[in-house]
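Some notes on the structure that comes next.
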Amino acid sequence: MQIPASHIVHQTEHWVINHHLGSRLPGYLMLGSRAPVASLADLPGEALAQMGLLMGKLQQAMDLELAPKWLYIGRYGHVPGCPLHFHFIPVYDWVEALFWRDERYRALQRFGSMQKALSATDGAELTLFVWREFGESLQPPEVLGRGISEVIAALRGRL
């Protein structure tokens, strides 16, 4: 996948950090392998070591620059031909507030048992909200704060 230079935050020999091309949530980043592999087991040791260092540096940069309430880091990926990558999903206070105001997502409370739940919501529910509302919605929520290009520039300065 070709990533426009405008969305690249940082690059190394083995990895590219870029803003998620399909998300309108500022700070939703991807850490993708330059090698065309789908498994961590297929990466050389140097790439694996660099991955850990980059993940730590990226989280620190996002915490300092964006100050999200939560930062979810996950590996997904079942799209054929898409190399190994990780999602860095910032959940700001205002994003969580939008989640709670959207009654459609209250349906999630019917699954499982709130008596066993550790909190009223979790990372899976908020990730679903971010994906659907900032990535797939034809009318995404209004963004509060800096826009995508401003966030990219700020994070470039931190990395």
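Under my numbering, residues 2 to 160 are what the sequence shown spells out, in order. For every residue, glycine included, the Cβ atom is placed at its ideal position computed from N, Cα and C.
1) When DSSP labels each residue in this structure, what does Gly53 get in the three-state scheme?
2) Provide the residue span of the beta strand (DSSP E) that contains Trp16, from first to last.
3) What's the call for His11, buried or exposed, on a 16-neighbour Cβ count within 10 Å?
4) Here's a check: name, in chain order, each residue in its chain whose Cβ is nearer than 6 Å to the Cβ of Phe135, leaving out the five neighbours to either side.
5) Is Pro37 buried or exposed, if buried means 16 or more other CB atoms sit within 10 Å of its CB?
6) Assign Gly82 to buried or exposed, taking buried as 16 or more other Cβ atoms, counted over all protein chains shown, within 10 Å of its Cβ.
7) From the DSSP output, in three-state form, read off Phe87 for me.
8) Using DSSP's beta-bridge definition, name the partner residues of Ser34.
9) Please report the straight-line C-alpha distance between Gly158 and His8, rounded to a whole angstrom.
10) Between Leu99 and the rest of its own chain, which residues show a CB-CB distance below 8 Å, the 5 nearest in sequence each way excluded?
11) Among residues of its own chain, excluding the 5 on either side of Leu145, which ones have a beta-carbon nearer than 7 Å to its beta-carbon?
Considering the structure as presented:
1) In the structure shown, Gly53 sits in a helix (DSSP, three-state: H, G or I).
2) Per DSSP, Trp16 belongs to the beta strand (DSSP E) from Trp16 to His20.
3) By the neighbour-count rule (16 or more Cβ atoms within 10 Å), His11 is buried.
4) Cβ neighbours of Phe135 beyond the five flanking positions: Ser24, Arg25, Leu26 and Pro141.
5) Around the beta-carbon of Pro37, fewer than 16 other beta-carbon atoms lie within 10 Å, marking it exposed.
6) When all chains shown are included, Gly82 counts as exposed.
7) DSSP places Phe87 in strand when its eight states are reduced to three.
8) Paired residue(s): Trp16.
9) Cα-Cα distance, rounded: 14 Å.
10) For Leu99, where only same-chain residues beyond five positions count, the Cβ hits under 8 Å are Phe130, Glu134 and Pro142.
11) Apart from sequence neighbours up to five positions away, the residues of its chain that approach Leu145 with a beta-carbon distance below 7 Å are Trp95, ordered along the chain.
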